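Student: What the sequence shown shows, in my numbering, is residues 8 to 403, in sequence order. Cβ atoms here follow ideal geometry from the backbone N, Cα and C, with glycine treated the same way. Predicted model only: the values in this text are computed from it and were never measured.
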Amino acid sequence: SLKLCHMGESQYDVVIVGAGAIGCCAAVHLAPAHDVLVLEKDEITNSASANASAHISDWWFFLEGEFIPGVTAAIRSFFDDLDGTAGFTFHDRDFVTLIDDAETDSPEVQDMRASAEQIDGISYYTADELADRYPGVLHLEGVSGAVVDEHAGYVEPRSYLRAMKTTAEADGAEFRTGTEVTDIHVEDGTVAGVGVDGAGRIEGDNVVVAAGTGSAGLLADFVDLPVRPFVIYEAEVEWTSSSDEPIPTTAGRGTLVGVNEAGNLLVGDEYWVDDIANVPAGFPQEAKEKIADRLPQMLQGIGTDYDYVEGSSHRCPEGITITPDQLPVIDTVPGAEGLVVADGSRGAVSLAPPIALAIRALLTGEETPFSLDRFELGRFESEEAAFDLPMITEPR
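#1: Give me the Cα-Cα distance between Asp395 and Ala177, rounded to the nearest whole angstrom.
#2: Distance, Cα to Cα, Ile366 vs Asp127?
#3: Check whether the Cβ atoms of Leu123 and Ser130 sit closer than 9 Å, and answer yes or no.
#4: How would you write the range of the beta strand (DSSP E) that Ser151 sits in, first residue to last?
#5: If you reduce the DSSP assignment to three classes, tell me which class Phe69 lands in.
#6: Below 6 Å CB to CB, which residues in the same chain sit around Ala199 once its five sequence neighbours on both sides are set aside?
#7: Which residue from Gly310, Ala93 and Ala227 puts its Cα closest to that of His146?
#8: Residues in the same chain with beta-carbon distance under 8 Å from Pro142, minus the five sequence neighbours each way, listed in chain order, please.
#9: Can you give me the C-alpha to C-alpha distance between Leu70 and Gly270, rounded to a whole angstrom?
#10: What does the alpha-carbon distance come out to for the pair Ala26 and Arg183?
#11: Can you give me the C-alpha to C-alpha distance between Gly326 and Leu346, rounded to a whole angstrom?
#12: Between Val280 and Pro236, which are expected to be in contact by the criterion C-beta below 8 Å, what is the C-beta distance as a whole number of angstroms?
#13: With a threshold of 9 Å between beta-carbons, can Asp127 be considered close to chain B, or not?
#14: So what does Thr339 bridge to, in DSSP terms?
#15: Bridge partners for Asn213 per DSSP, in chain order?
#16: I need the boundaries of the alpha helix (DSSP H) containing Gly30, first residue and last residue.
#17: Compute the beta-carbon to beta-carbon distance between Asp156 and Phe102, rounded to the nearest angstrom, for a pair I have assumed lies under 8 Å.
#18: Do Tyr240 and Tyr278 have their C-beta atoms within less than 9 Å of each other?
#19: Count the C-beta pairs between the stretch 28-35 and the stretch 215-225 that are closer than 8 Å, then say yes if the count reaches three, no if not.
#20: In three-state terms, what does DSSP make of Val162?
#21: In the stretch 259-347, which residue ranges form an unbroken alpha helix (DSSP H) of at least 4 residues, counting only runs that do not cross its ends?
#22: Looking at C-alpha atoms only, which residue of Asn53, Glu210, Gly221 and Gly308 is the closest neighbour of Ser166?
#23: Just list the residues that DSSP pairs Val188 with in beta bridges.
#24: Out of Ala81, Arg353 and Asp99, which has the shortest C-alpha to C-alpha gap to Asn267?
#25: Leaving aside the five residues before and after Arg381 along the sequence, list all residues of the same chain whose C-beta is less than 7 Å from its C-beta, in chain order.
#26: Comparing C-alpha positions only, which one of Val162, Asp190 and Thr173 sits nearest to Ser222?
#27: Between Val144, Glu110 and Pro114, which lies nearest to Gly308 when the distance is taken from Cα to Cα?
#28: Tell me the residue span of the alpha helix (DSSP H) that contains Arg140.
#29: Given that a residue counts as buried once 16 or more other Cβ atoms are within 10 Å of its Cβ, and exposed if not, what is Lys285?
#30: Report the CB separation of Leu364 from His36 in whole angstroms; it is logged as a contact under 8 Å.
#31: Could you have a look at Ala393 and say whether DSSP puts it in helix, strand or coil?
#32: Looking only at C-alpha atoms, which of Ile283, Pro291 and Val348 sits nearest to Pro324?
#33: Within its chain, find whatever has a CB closer than 6 Å to the CB of Val340; leave out the 5 residues flanking it on each side and keep chain order.
#34: Check this for me: beta carbons of Thr272 and Gly261, under 9 Å apart or not?
#35: Shortest alpha-carbon distance to Pro397 belongs to which of Gln304, Asp276 and Ala343?
#36: The beta strand (DSSP E) with Thr104 in it runs from where to where?
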């Protein structure tokens, strides 16, 4: 159940830990009515969000046929409003989720198709309809159809973060980078602030933990988060399509291919990790082999004769956390009134607007355009939280 918070008793109404997409977006939503401080241990340009491929689509919310009414509008309206802020641009680009012949009759695909039909601008296309819409672009052998999001796009992630920071600061939010939070202070069951490395304690009536892979450690005294870290490697491939048609961002067959502002293909692969410090920085050879196998299955006219853009290969600096059902945990933390966690979000760059709305609702008790029940912390207690996610490779 939602609770009304106790704003205004300390130096800050809300202290947000983490200045990735979720932390910055939460600041945008909270700053107009509250004194907000955002703490980031590094620079915002070094966060996982800043290193994301940053494809924007409502697709994230029906990966498993999931449709949560109200989320779509929250995503689309936020990017429409932010477009043009501090040099930020939203680039329109269709998002296509391919469905193989063998998957056509699966319950997940049927649910996904039904969910897609409930959202304006998202539709199911047969293979023949895809060929007409993207002539000479998609390789459709073995494909029965696809879900197409016509309101999708992509952003330059650092520009996106800067635009949100600028917006929040205009409403009075304060950002401190190079400031590592070491612990959460709770007194008599109520949040009192955070401990900061080398700077003592910062008082705050409410604390939002959106620190990515650092969230579990910060909250270890309060809760065992149902998340597991993984790492994404990404690179750019130089390639010129034989078609004049735009290449949609395309998901399927265990991978995702998009296009950036330079016209290069963005490719990548994902791996579970136990210790990010032991994960090699270089683009893995096995990822290159997988990409060489999958690209010709997704795009026409591409074989294995292409080059990687020099210096483009990288991985997210500290990894990303994910829940077993791929939906984020957005909830209050038991035993600590005023403490909220937002973690385990695959696709946080896309999902930041509805996540920020949920955070604000948990702190203020206001209504949201969607139910928060699906994001509850305890939703895995009655079932085994198995991370059966075949798109992520075991482990490095």
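Tutor: Looking at the coordinates:
#1: Within the sequence shown, numbered from 1, the residue matching residue 395 stands at position 388. Within the sequence shown, numbered from 1, the residue matching residue 177 stands at position 170. Pairing Asp395 with Ala177, the inter-Cα distance amounts to about 43 Å.
#2: Here residue 366 refers to the residue found at position 359 when the sequence shown is read from its first residue. Here residue 127 refers to the residue found at position 120 when the sequence shown is read from its first residue. For Ile366 and Asp127, the distance between alpha carbons rounds to 26 Å.
#3: Numbered from 1 along the sequence shown, position 116 holds the residue referred to as residue 123. Numbered from 1 along the sequence shown, position 123 holds the residue referred to as residue 130. With the sequence shown as reference, residue 123 is identified as Ala, and Leu is not the correct amino acid for it. For Ala123 and Ser130, yes; Cβs fall inside 9 Å.
#4: Translated into positions along the sequence shown, residue 151 becomes position 144. Counting along the chain, the beta strand (DSSP E) containing Ser151 begins and ends at Val150 to Asp156.
#5: Position 62 of the sequence shown, counted from the first residue, corresponds to residue 69. With a pLDDT of only 47 at Phe69, under the threshold of 50, the placement of this residue in the model should not be trusted; the figure read from the coordinates follows. Helix at Phe69.
#6: Here residue 199 refers to the residue found at position 192 of the sequence shown. In chain order, His192 place their CB closer than 6 Å to the CB of Ala199, counting only its own chain and leaving out the 5 sequence neighbours on each side.
#7: Position 139 of the sequence shown, counted from the first residue, corresponds to residue 146. The shortest Cα separation from His146 among Gly310, Ala93 and Ala227 belongs to Gly310.
#8: Along the sequence shown, read from residue 1 onward, the residue named residue 142 stands at position 135. The beta carbon of Pro142 sits closer than 8 Å to the beta carbons of Ser250 and Glu252 from its chain, once the five residues preceding and following it are set aside; these are given in chain order.
#9: Position 63 of the sequence shown, counting from 1, holds the residue named residue 70. Position 263 of the sequence shown, counting from 1, holds the residue named residue 270. At Leu70 the pLDDT is 47, less than 50, meaning the model places this residue with poor confidence and gives no usable figure here.
#10: Position 19 of the sequence shown, counting from 1, holds the residue named residue 26. Position 176 of the sequence shown, counting from 1, holds the residue named residue 183. Near 9 Å, if we compare the C-alpha coordinates of Arg183 and Ala26.
#11: As a working note, residue 326 is residue 319 in the sequence shown. As a working note, residue 346 is residue 339 in the sequence shown. The straight-line gap from Cα to Cα measures roughly 24 Å.
#12: Locating residue 280 in the sequence shown gives position 273, counting from the first residue. Locating residue 236 in the sequence shown gives position 229, counting from the first residue. With a Cβ gap of about 5 Å, Val280 and Pro236 count as contacting.
#13: Although the question refers to chain B, the structure presented lacks it and comprises just one protein chain.
#14: Residue 339 sits at position 332 when you count from the first residue of the sequence shown. BP columns for Thr339 point to Val347.
#15: Translated into positions along the sequence shown, residue 213 becomes position 206. BP columns for Asn213 point to Val21.
#16: In the sequence shown, the residue the question calls residue 30 occupies position 23. Per DSSP, Gly30 belongs to the alpha helix (DSSP H) from Ala28 to Leu37.
#17: Within the sequence shown, the letter at position 149 stands for residue 156. Within the sequence shown, the letter at position 95 stands for residue 102. Contact between Asp156 and Phe102 is confirmed by a C-beta separation of about 4 Å, below the 8 Å threshold.
#18: Stepping through the sequence shown from its first residue, residue 240 is reached at position 233. Stepping through the sequence shown from its first residue, residue 278 is reached at position 271. Annotated as proximal: Tyr240 and Tyr278, with beta-carbon spacing under 9 Å.
#19: Yes, since at least three Cβ pairs between the stretch 28-35 and the stretch 215-225 fall closer than 8 Å, the two stretches touch.
#20: If you number the sequence shown from 1, residue 162 lands on position 155. DSSP, reduced to helix, strand and coil, places Val162 outside both helices and strands of the structure shown, so it counts as coil.
#21: Whole alpha helix (DSSP H) segments, 4+ residues: 292-305.
#22: Taking the first residue of the sequence shown as position 1, residue 166 is located at position 159. Closest in alpha carbon position to Ser166, among Asn53, Glu210, Gly221 and Gly308, is Asn53.
#23: Taking the sequence shown and counting its residues from 1, one reaches residue 188 at position 181. According to DSSP, Val188 bridges with Val203.
#24: Here residue 267 corresponds to residue number 260 of the sequence shown, with the count starting at 1. Minimum Cα distance to Asn267 is reached at Asp99.
#25: Within the sequence shown, numbered from 1, the residue matching residue 381 stands at position 374. Taken in chain order, the residues that qualify are Ile75 and Leu334.
#26: Counting from 1 along the sequence shown, the entry for residue 222 is found at position 215. For the set Val162, Asp190 and Thr173, the Cα lying nearest the Cα of Ser222 is the one of Asp190.
#27: By 1-based counting over the sequence shown, the position of residue 308 is 301. Nearest C-alpha to Gly308 among Val144, Glu110 and Pro114: Val144.
#28: Counted from its first residue, the sequence shown places residue 140 at position 133. Per DSSP, Arg140 belongs to the alpha helix (DSSP H) from Ala134 to Arg140.
#29: Locating residue 285 in the sequence shown gives position 278, where the first residue counts as 1. Note that residue 285 is Asn in the sequence shown here, rather than Lys. Its Cβ having fewer than 16 others within 10 Å, Asn285 is exposed.
#30: What you label residue 364 is simply residue 357 of the sequence shown in a count that begins at 1. What you label residue 36 is simply residue 29 of the sequence shown in a count that begins at 1. At roughly 6 Å, the Cβ-Cβ gap stays under 8 Å, so Leu364 and His36 are in contact.
#31: On the sequence shown, residue 393 is found 386 positions in, with the first residue counted as 1. Three-state DSSP puts Ala393 in coil, outside helix and strand.
#32: Residue 324 sits at position 317 when you count from the first residue of the sequence shown. Nearest option by C-alpha distance: Ile283.
#33: In the sequence shown, counting from the first residue as 1, residue 340 sits at position 333. Within the same chain, Phe229, Val230, Leu346 and Val348 come within 6 Å of Val340 by CB-CB distance, once the 5 residues on both sides are set aside.
#34: One-based indexing of the sequence shown puts residue 272 at position 265. One-based indexing of the sequence shown puts residue 261 at position 254. Note on identity: in this sequence residue 272 is Leu, with Thr being the wrong assignment. Result no, Cβ atoms of Leu272 and Gly261 do not sit closer than 9 Å.
#35: Within the sequence shown, residue 397 is the residue found at index 390, counting from 1. Proximity to Pro397 across Gln304, Asp276 and Ala343 peaks at Asp276, based on C-alpha coordinates.
#36: Translated into positions along the sequence shown, residue 104 becomes position 97. Element bounds for Thr104: Phe102 to Asp107.
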